[in-house]
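Q:
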Amino acid sequence: MSRIDSRKDRWRGRTREVDVDHTVEPTAPDAVTPDDPELVVASAFTVLSEAPADADAIEDVGDSTDDIDFDDEYGPDGEGLLAPGRDRPLLGRRRPDTIAVLLFANSPILESSIPISVFGVDRRDAGVPNYRLLVCAAEPGPLRTTGGVELIAPYGLDALARAGTVIVPAWHSPSRMPPAPVLEALRRAHREGARIVGLCGGAFVLAAAGLLDDRPATTHWMYAPALAKRYPKVRVDPRELYVDDGDILTSAGTAAGIDLCLHLVRLDHGPDAANQLARRLVVPAHRIGGQAQYMDLTLPEEISGDPLATVISWALENLADRFDIEQLATRAYMSRRTFDRRFRTLTGSAPLQWLLTQRVLQAQRLLETTDLQVEEIARRCGFRSPVALRGHFRKQLGVPPASYRETFRTRSPEETGEEEVCARAVG
1 MSRIDSRKDR
11 WRGRTREVDV
21 DHTVEPTAPD
31 AVTPDDPELV
41 VASAFTVLSE
51 APADADAIED
61 VGDSTDDIDF
71 DDEYGPDGEG
81 LLAPGRDRPL
91 LGRRRPDTIA
101 VLLFANSPIL
111 ESSIPISVFG
121 VDRRDAGVPN
131 YRLLVCAAEP
141 GPLRTTGGVE
151 LIAPYGLDAL
161 ARAGTVIVPA
171 WHSPSRMPPA
181 PVLEALRRAH
191 REGARIVGLC
201 GGAFVLAAAG
211 LLDDRPATTH
221 WMYAPALAKR
231 YPKVRVDPRE
241 LYVDDGDILT
251 SAGTAAGIDL
261 CLHLVRLDHG
271 PDAANQLARR
281 LVVPAHRIGG
291 QAQYMDLTLP
301 EEISGDPLAT
311 VISWALENLA
321 DRFDIEQLAT
331 RAYMSRRTFD
341 RRFRTLTGSA
351 PLQWLLTQRV
361 LQAQRLLETT
371 DLQVEEIARR
381 CGFRSPVALR
391 GHFRKQLGVP
401 PASYRETFRT
411 RSPEETGEEE
421 VCARAVG
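My numbering puts the first residue of the sequence shown at 1, with every later residue one more than the last.
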């Protein structure tokens with residue numbers, strides 16, 4: 001479960017009850033006015049022939065607040081500016097309503113465009129206050145994405161000096177170190193009070209900058225082991241859709257970036273604005289459960305050659321039987337202590353926790369592919385009762401079995417009506 005419900009937010013300094021509205025009302029498509037200079041500059045798909053060379057030039061290009069004197073509104077040079085609800089002052093010329101999105105070449109286009117779509121469109125007609133969006137990159141020229149589409153970032157790293165929030169939406173390779181100037185710019189932004197956000201693989205960039213040391217964080221579940229191994233000081237939690245640690249926030253993969261962006265709007269402008277924005281994006285204002293319900297927990301291939309593989313295979317084939325860890329150790333011809341140690345080394349998990357995880361995983365498969373009652377599923381997965389299944393299922397995945405089935409059930413053409421539609425089309 002994402003950590004936003006009735007929690008003590010260290011950054012905002014007060015307990016906040018989140019009003020979640022799941023109602024989706026039909027709305028007209030977002031109106032994008034081509035002669036609005038803010039939107040033209042905000043778009044990463046717009047090529048500017050004369051992009052500003054430094055941060056001082058930003059105010060003069062596409063700023064919808066050109067008529068506001070920065071010093072008059074925020075004090076001399078914005079020194080010590082305290083944004084609403086924040087307990088960390090923004091230093092220098094940083095503004096709380098300014099968001100910098102830092103793009104990289106070879107990154108996924110969807111993740112790269114999520115914060116641009118959320119924060120770069122004028123939705124004041126829906127009650128969502130405007131943000132001032134600066135799309136930045138460490139290198140000039142077109143940025144080719146993994147889908148072959150090229151993006152143009154109008155600003156360089158200097159623009160990060162103006163942002164109250166810096167978002168790193170993606171990173172192309174968990175095994176590669178980001179450029180040193182990028183890491184230093186992020187460290188400086190954090191020192192000066194900016195809120196730093198990493199979406200999906202962007203967590204690797206934050207970790208490389210040392211910003212996640214001794215902090216909780218998440219990323220796409222596929223890359224969570226790599227993040228934990230490469231940066232052992234990071235407390236990686238692969239179960240969460242996003243983690244809010246006050247001034248540092250990270251999200252799981254792809255669509256979870258939308259969840260975190262909505263959370264930022266909720267923090268800045270309240271639940272009503274976030275709910276209205278969710279309606280415009282046609283997404284839930286708040287999703288139940290974490291990303292654990294989407295994870296594939298099959299064993300890695302390298303385990304197949306280990307002597308314990310036979311015991312593990314037997315356990316997976318006999319989950320309906322009620323065996324304990326002592327029985328597994330006996331089958332492996334090991335003492336319980338030796339078995340525990342070898343098993344942890346091989347799988348990264350304690351034997352009992354692994355067994356419970358596999359039982360829940362089997363329950364997931366049966367919920368997805370069958371119409372079996374929960375009582376029968378509990379029996380086939382080795383749980384003593386449906387109550388035990390529901391308890392472990394909710395603990396691991398954050399949702400009850402019924403909700404999981406509703407979301408992931410594979411339905412036949414007869415159930416969905418597709419067969420009838422196809423027949424009418426052919427006829």
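From the three backbone atoms N, C-alpha and C, an ideal C-beta is built for every residue, glycine too.
Taking the DSSP output, what are the residues bridged to Ala209?
A: Position 209 of the sequence shown, counted from the start, is the residue given in the question as residue 209. The partner list for Ala209 (beta bridge, DSSP) is empty, contrary to what the question assumes.
Q: Can the beta-carbon of Arg379 be found less than 8 Å from the beta-carbon of Ala320?
A: Position 379 of the sequence shown, counting from 1, holds the residue named residue 379. Position 320 of the sequence shown, counting from 1, holds the residue named residue 320. It is a contact, given that the beta carbons lie within the stated cut-off.
Q: Does the distance from the C-beta atom of Thr218 to that of Asp247 stay below 8 Å?
A: The sequence position of residue 218 within the sequence shown is 218, counting from 1. The sequence position of residue 247 within the sequence shown is 247, counting from 1. No, Cβ-Cβ distance for Thr218 and Asp247 is not below 8 Å.
Q: State the Cα-Cα distance for the pair Phe383 and Leu389, rounded to the nearest angstrom.
A: In the sequence shown, residue 383 corresponds to position 383, counting from 1. In the sequence shown, residue 389 corresponds to position 389, counting from 1. Distance between the alpha carbons of Phe383 and Leu389 is about 6 Å.
Q: Would you identify the three-state DSSP class for Ile167, choosing helix, strand or coil?
A: Counting from one through the sequence shown, the residue named residue 167 turns up at place 167. Correct three-state label for Ile167: strand.
Q: Going by beta carbon distance, what residues of the same chain come within less than 6 Å of Arg359, once the five residues before and after it are set aside?
A: For this step, residue 359 is matched to residue 359 along the sequence shown. Here the set comprises Leu319, Cys381 and Gly382.
Q: Candidates Pro179, Pro216 and Val135: which alpha carbon is nearest Ala159's?
A: Position 159 of the sequence shown, counted from the start, is the residue given in the question as residue 159. It is Val135 whose Cα lies nearest to the Cα of Ala159.
Q: List, from N- to C-terminal side, the alpha helix (DSSP H) runs of 4 residues or more that fit wholly inside the stretch 321–378.
A: Here the runs fully enclosed are 325–331, 336–347 and 351–369.
Q: Whose C-alpha, out of Glu150, Ser175, Arg144 and Leu199, is nearest the C-alpha of Pro169?
A: On the sequence shown, residue 169 is found 169 positions in, with the first residue counted as 1. Ranking Glu150, Ser175, Arg144 and Leu199 by Cα distance to Pro169 puts Leu199 first.
Q: Between Arg322, Val311 and Tyr242, which lies nearest to Phe343 when the distance is taken from Cα to Cα?
A: The residue given as residue 343 occupies position 343 in the sequence shown. Comparing Cα positions, the closest option is Val311.
Q: Classify Cys261 as helix, strand or coil using the three-state DSSP reduction.
A: The sequence position of residue 261 within the sequence shown is 261, counting from 1. Here Cys261 sits in helix by DSSP.
Q: Secondary structure at Ser64, three-state DSSP: helix, strand or coil?
A: Translated into positions along the sequence shown, residue 64 becomes position 64. Low confidence applies to Ser64: its pLDDT is 34, below 50, so where it sits in the model is not reliable, and the reading given next is rough at best. If DSSP states are grouped into helix, strand and coil, Ser64 belongs with coil.
Q: Check for me: the alpha helix (DSSP H) holding Pro108 runs from which residue to which?
A: For the purposes of this step, residue 108 is taken as residue 108 along the sequence shown, with counting starting at 1. No alpha helix (DSSP H) holds Pro108; DSSP gives it neither H nor E.
Q: What residue ranges within the stretch 172–258 form continuous beta strand (DSSP E) runs of no fewer than 3 residues, ordered along the chain?
A: Those beta strand (DSSP E) runs which fall completely within the stretch 172–258 and span 3+ residues are 195–198, 242–244 and 248–251.
Q: For Ala329, I'd like the list of residues in its chain whose CB is within less than 7 Å of its CB, leaving aside the five on either flank, ordered along the chain.
A: Taking the first residue of the sequence shown as 1, we reach residue 329 at position 329. Contacts found: Ser335, Arg336 and Phe339.
Q: For Ala83, is the classification buried or exposed, using 16 other Cβ atoms within 10 angstroms of its Cβ as the cut-off for buried?
A: Translated into positions along the sequence shown, residue 83 becomes position 83. With a pLDDT of 40 at Ala83, under the threshold of 50, the modelled position of that residue is not reliable, and the figure given next carries that caveat. Buried.
Q: For Arg409, count the other beta carbons within 10 Å of its own beta carbon; 16 or more makes it buried, fewer makes it exposed. Which is it?
A: Residue 409 sits at position 409 when you count from the first residue of the sequence shown. Exposed.
Q: Give the single residue among Arg280, His392 and Arg239 whose Cα lies nearest to the Cα of Ile258.
A: For the purposes of this step, residue 258 is identified with residue 258 of the sequence shown, where counting begins at 1. For the residues Arg280, His392 and Arg239, the minimum Cα distance to Ile258 belongs to Arg280.
Q: Quick one: residues in its chain with C-beta nearer than 7 Å to the C-beta of Leu308, no 5 flanking neighbours on either side, listed in chain order?
A: Position 308 of the sequence shown, counting from 1, holds the residue named residue 308. Cβ neighbours of Leu308 beyond the five flanking positions: Ala332, Arg342, Phe343 and Leu346.
Q: Thr357 to Gln396, Cα distance in whole Å?
A: Position 357 of the sequence shown, counted from the start, is the residue given in the question as residue 357. Position 396 of the sequence shown, counted from the start, is the residue given in the question as residue 396. Roughly 8 Å separates the two Cα atoms.
Q: With DSSP as the reference, please indicate the residues paired to Glu150 in a beta bridge.
A: Sequence index remark: in the sequence shown, residue 150 carries index 150 (1-based). DSSP output for Glu150 lists Arg144 as bridge partner(s).
Q: Assuming Asp213 and Val234 are in contact, meaning their beta carbons sit under 8 Å apart, how far apart are those beta carbons, in whole angstroms?
A: On the sequence shown, residue 213 is found 213 positions in, with the first residue counted as 1. On the sequence shown, residue 234 is found 234 positions in, with the first residue counted as 1. Confirmed, about 7 Å.
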